[in-house]
Amino acid sequence: MASTLWRCLALALLSGLVIASPLQQLRKRSLPEGEGVVNGIEVYSTKISCKVTSRFAHNVVTTRAVNRADAAKEVSFDVALPKTAFITNFTLTIDGVTYPGNIKEKEVAKQQYEKAVSQGRTAGLVKASGRKLEKFTVSVNVAAGSKVTFELTYEELLKRRKGKYEMYLKVQPKQLVKHFEVRGTRCPVGSGSPAGSRLLCGVQAPLWDPGSPVGSRLPCGFRLPSSSRPVRSAQEAEQVHVPPRPQGHVSFKPSLEHQRSCPTCADTLLNGDFIITYDVNRESPANVQVVNGYFVHFFAPHGLPVVPKNVVFVIDISGSMAGRKIEQTRDALLKILDDIKEEDYLNFILFSTGVTTWKDTLVQATPENLQQAREFVKNINDEGMTNMNGGLMRGIGMLNEAWDGQGAARRSSIIILLTDGDANYGESRTDKIQENVRNAIGGKFPLYNLGFGNNLNYNFLERLALENHGLARRIYEDSDAHLQLQGFYEEVANPLLMGVEMEYPENAIQDLTQNNYKNFYDGSEIVVAGRLLDQDLNSFKADVKGHGAVNDLTFTEEVDVKELEKAFEEQSYIFGNYIERLWAYLTIEQLLDQRKKAQGEEKENLTAKALGLSLKYNFVTPLTSMVVTKPEDGESQTAIADKPGEEANTVTPSMAYLTNYQPPQTPYYYVDGDPHFIIQVAEEDDAICFNINEDPGTVLRLIHDPATGLTVNGEIIGDKEPSPDPKTRRTYFGRLGIANPHMDLQIEVTTETLSLGSGATRSTFSWLDTVMIAQDGMLVAIHRNENMTVSFGDGATFVIVLHQVWKKHPTHRDFLGFYVVDSHRMSAQTQGLLGQFFHPFDFSVSDVHPGSDPTKQDATMVVKNRRLTVTRGSQKDYRKKSHTGTKVPCWFVHNNGEGFIDGVHTDYIVPSLF
1 MASTLWRCLA LALLSGLVIA SPLQQLRKRS LPEGEGVVNG IEVYSTKISC
51 KVTSRFAHNV VTTRAVNRAD AAKEVSFDVA LPKTAFITNF TLTIDGVTYP
101 GNIKEKEVAK QQYEKAVSQG RTAGLVKASG RKLEKFTVSV NVAAGSKVTF
151 ELTYEELLKR RKGKYEMYLK VQPKQLVKHF EVRGTRCPVG SGSPAGSRLL
201 CGVQAPLWDP GSPVGSRLPC GFRLPSSSRP VRSAQEAEQV HVPPRPQGHV
251 SFKPSLEHQR SCPTCADTLL NGDFIITYDV NRESPANVQV VNGYFVHFFA
301 PHGLPVVPKN VVFVIDISGS MAGRKIEQTR DALLKILDDI KEEDYLNFIL
351 FSTGVTTWKD TLVQATPENL QQAREFVKNI NDEGMTNMNG GLMRGIGMLN
401 EAWDGQGAAR RSSIIILLTD GDANYGESRT DKIQENVRNA IGGKFPLYNL
451 GFGNNLNYNF LERLALENHG LARRIYEDSD AHLQLQGFYE EVANPLLMGV
501 EMEYPENAIQ DLTQNNYKNF YDGSEIVVAG RLLDQDLNSF KADVKGHGAV
551 NDLTFTEEVD VKELEKAFEE QSYIFGNYIE RLWAYLTIEQ LLDQRKKAQG
601 EEKENLTAKA LGLSLKYNFV TPLTSMVVTK PEDGESQTAI ADKPGEEANT
651 VTPSMAYLTN YQPPQTPYYY VDGDPHFIIQ VAEEDDAICF NINEDPGTVL
701 RLIHDPATGL TVNGEIIGDK EPSPDPKTRR TYFGRLGIAN PHMDLQIEVT
751 TETLSLGSGA TRSTFSWLDT VMIAQDGMLV AIHRNENMTV SFGDGATFVI
801 VLHQVWKKHP THRDFLGFYV VDSHRMSAQT QGLLGQFFHP FDFSVSDVHP
851 GSDPTKQDAT MVVKNRRLTV TRGSQKDYRK KSHTGTKVPC WFVHNNGEGF
901 IDGVHTDYIV PSLF
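Residue 880 in the UniProt record's numbering sits at position 880 of the sequence shown, and the numbers go up by one each step.
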């Protein structure tokens, strides 16, 4: 395939160069320890073998390292792979002894893993990493002079969106690699091959220092514009023509000189996002391939007239959408209005506590109506709670009225929901909302759900969409959120066919993947695979039927099976069972989707089928896990690789601090418990913690921003009967005060009540309430007996967790935890025990060794130009699991954070809560 050349190149830039000691500090060194040697470890070889056959990619990443030090060292292997990929194999070889990964049913693997947990010998391997990638990480201690080899294999089906296949990679290498080689093979098959294909290669961040001696050419035949500045768009990108050949190869072998950021530097120059886009020339809309009793059918027509559409946008404008979310939603809708065609009909439904419509019915997208729509969108503001059911019912009702009124008109209908939270007004039961929506749509048109941010029930949105022939997509809270919204609309903006049916010879096939679709959108591709019942079939015919903008269409593709088999025999470079594995991959993917919306016996049957195929074809899926037992300090350690889902923020908790915790996409800071302060550092993929020991009644300053006036203080409480020994005395935060003088606002939170005052007016609420309070850019949401969220527009959001104990407990009492989940709008002058860390800082950890406590490790930390002795430990994050919490590994700074916080801890004592 045309993708192979560039897919392999991009994978090499990421996978091969991220191999490093996890405690390595990124820095330039004018006098390197040795060629490619960092912290005693030499990663002397990284090879990536890639093969793409008919959109199905088979990738093998192999890395070899040797310990050049005179003591045992830890070596870490990192590979970032697409979320859509399935891991199929992993092996670890130390001094010729191989430790293979075994893929097992998740429950079986879990039992083995939990047994290892009880013995303290575990490590997680896979976690989500950004929007499109998952990160596979495994570490192992290697004796002095010993060699280690890591090999990971994964497969995926490349999917076409907006007229192209795209590869996105985060390129952030951490170490030079002496023998770095990529061998890629493209294997064209059938009329869908890339003969004469066009590749667009764009780089969205610098891959090298423009002043480096590398210039504008990498040693792989890939030429960028001579200016050597980053390519910002496809229009600037160089177009690479792939000549028609039966097979293509690429070899990418950058030397150490090509990798260096300067002639005497030991760090790599590559750093940025690498995006490859391509498409293939098609001799016909369809392409059928048959190999070893399995077939695959690709369908992607172009040049057809666009089917006019009815589209309803159902938009959440509740208080949680305040600030940047609502601004970005307005920006995206305004751009979408510029792209809507005059023959389309549209409407906007806004829901908060109530439901508001732009027009009473769908209206045509005439210039006059579009101008009115723009004025309506510009005046969208946030308010109230979340009546999702009411908004959906109103939008579906409008589409149903248009469906009935337009009769046999050739018109596509879609409904697009955008929400950032869960329903909390009107009908809020998710099962009831599903039932209402399913009954109202009645299978007539698709529902697309866009989930804005992470504070929502994404599984519910996904089930709701899948039940109604649509899909769910997460919109990430970032500066480009409006482009994400706009980009999704572009995918569904141009329907070319409705009611698409893929038909095959009767009684000749079995185990067919999905073969009917509500709509086919321009720039996409339908892929259907199945098994042949008749192995002696001479010819294979496939028909695609659909309703176009003008008439009904039938596309027919017929192939000679014997000729295809003969052709494949002459193409030995194709991995022979690729269509069978493609069929298995696609079948598992669709069974998992069906499972999400099923219940009872149906769900059990779907689970059994997907699990059986996952085990048969050795895929790590949400139903399976790969278990690796590796040596560690003379004993075996069990590591487990799971498939993270959209809802997964952590992998299975474990004692292995380097790989078991998935930090959030943005840094966060909190204080909870005794009181334990936790500072999560996104740049370092780690956390630092410290305790503050003070007497009950002491008030500590947590946050003070002189620019915004926002201040948060906390008062310490003790146990009912405090211990006379300060070393065993337990203290907590029992009262919190949040003040914003610019808003004339004070919020006092205790373990019993929340008191909110603005001027002379005060309101008091109990933790037994479930209520949302919104006023003048401030939003407070109380979740009964669990937690409350306080937001000041976009950029300052706090979560307060209530910890309740048995009222008659002789010693302990209720207390509060305080979490900062968003601080990006707070000024650089912000101070306080938490506030001083809102701005980036660097630290490094080295000399990890056993501490005075044999169960913990000590190390040397360099932070703020100070050298500290720290201890590896863990604390709990109670935001999502208020009773049990989630373990957070961290480096513990002793003596009230001395050396880590500015000044000493007594500098943060203030006389009162306000």
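Beta carbons are placed, not taken as given, at the ideal position from N, Cα and C, and that holds for glycine. It should be emphasised that the depicted structure is a prediction, and the values quoted were computed from it without experimental measurement.
Start-to-end residues for the beta strand (DSSP E) that takes in residue i
i: His-297; result: 294 to 299
i: Thr-46; result: 41 to 53
i: Thr-137; result: 133 to 142
i: residue 922; result: This structure leaves residue 922 out entirely; the chain is present only between 1 and 914.
i: Gln-289; result: 286 to 291
i: Arg-463; result: Here Arg-463 belongs to no beta strand (DSSP E); instead the alpha helix (DSSP H) covers 458 to 466.
7 angstroms Cβ shell around residue i - same chain, five flanking residues per side excluded
i: Trp-403; result: Ser-413 and Lys-444
i: Thr-607; result: Arg-595 and Leu-623
i: Glu-898; result: Val-904
i: Gly-293; result: Arg-531, Leu-532 and Gln-535
i: Tyr-154; result: Asn-59, Leu-81, Ala-85, Phe-86, Ile-87 and Thr-88
i: Gln-599; result: none
i: Gly-390; result: Phe-351, Val-355 and Gly-426
9 angstroms Cβ cutoff met for residue i and residue j
i: Val-288; j: Val-559; result: yes
i: Ser-827; j: Thr-708; result: yes
i: Val-492; j: Gly-395; result: no
i: Leu-362; j: Thr-419; result: no
i: Asn-387; j: Thr-353; result: yes
i: Ile-94; j: Val-142; result: yes
i: Gln-831; j: Ile-640; result: no
i: Met-398; j: Asn-424; result: no
i: Leu-158; j: Arg-55; result: yes
i: Phe-733; j: Gly-817; result: yes
i: Tyr-448; j: Ile-475; result: no
Residue environment, residue i, which counts as buried when at least 16 other CB atoms sit within 10 Å
i: Leu-586; result: buried
i: Ser-227; result: Only weak support exists for where Ser-227 lies, its pLDDT of 31 falling under 50; the value from the coordinates is given anyway. Flag for Ser-227 reads exposed.
i: Val-821; result: buried
i: Asp-382; result: buried
i: Glu-42; result: buried
i: Gly-144; result: The question names Gly, but residue 144 is Ala in the sequence shown. By the neighbour-count rule (16 or more Cβ atoms within 10 Å), Ala-144 is not buried but exposed.
i: Asn-494; result: buried
i: Asn-551; result: exposed
i: Ser-766; result: exposed
Residues near residue i by beta carbon distance below 8 angstroms, same chain, minus five either side
i: Thr-698; result: Glu-715, Ile-716 and Ile-909
i: residue 916; result: With the chain covering 1 to 914 only, the question about residue 916 has no answer from this structure.
Enclosing alpha helix (DSSP H) for residue i [first to last residue]
i: Ser-846; result: First-last for Ser-846: 843 to 850, but that is the beta strand (DSSP E), not the alpha helix (DSSP H).
i: Lys-597; result: 578 to 597
i: Gly-443; result: First-last for Gly-443: undefined, no H or E at that position.
i: Glu-752; result: It is not in any alpha helix (DSSP H) - Glu-752 carries neither H nor E in the DSSP assignment.
i: Asn-369; result: 367 to 378
i: Arg-330; result: 324 to 339
i: Val-492; result: 481 to 492
i: Asn-896; result: 894 to 897
Close beta carbons around residue i, own chain, < 6 angstroms, minus the five adjacent residues each side
i: Met-778; result: Phe-792
i: Val-79; result: Ser-15, Val-61, Phe-136 and Leu-152
i: Val-780; result: Ile-773 and Val-790
i: Leu-710; result: Asn-740
i: Val-528; result: His-297, Met-502, Thr-513 and Asn-515
i: Val-749; result: Leu-736 and Ile-800
Residues that residue i bridges to, as DSSP identifies them
i: Pro-889; result: Ser-874
i: Gly-832; result: According to DSSP, which records beta bridges pairwise, Gly-832 is partnered with nothing at all.
i: Gly-101; result: Val-628
i: His-803; result: Phe-815
i: Ser-791; result: Leu-779 and Thr-797
i: Glu-181; result: Lys-47
i: Arg-411; result: Its beta-bridge partners do not exist; DSSP assigns none.
i: Met-393; result: Met-393 pairs with nothing; no bridge assigned.
i: Leu-700; result: Gly-714 and Ile-909
i: Pro-675; result: Bridge partners of Pro-675: none, in fact.
Distance cut-off 8 angstroms: residue i Cβ against heavy atoms of the ligand MG
i: Tyr-670; result: What this structure holds is no ligand at all, so the ligand MG is not there to describe.
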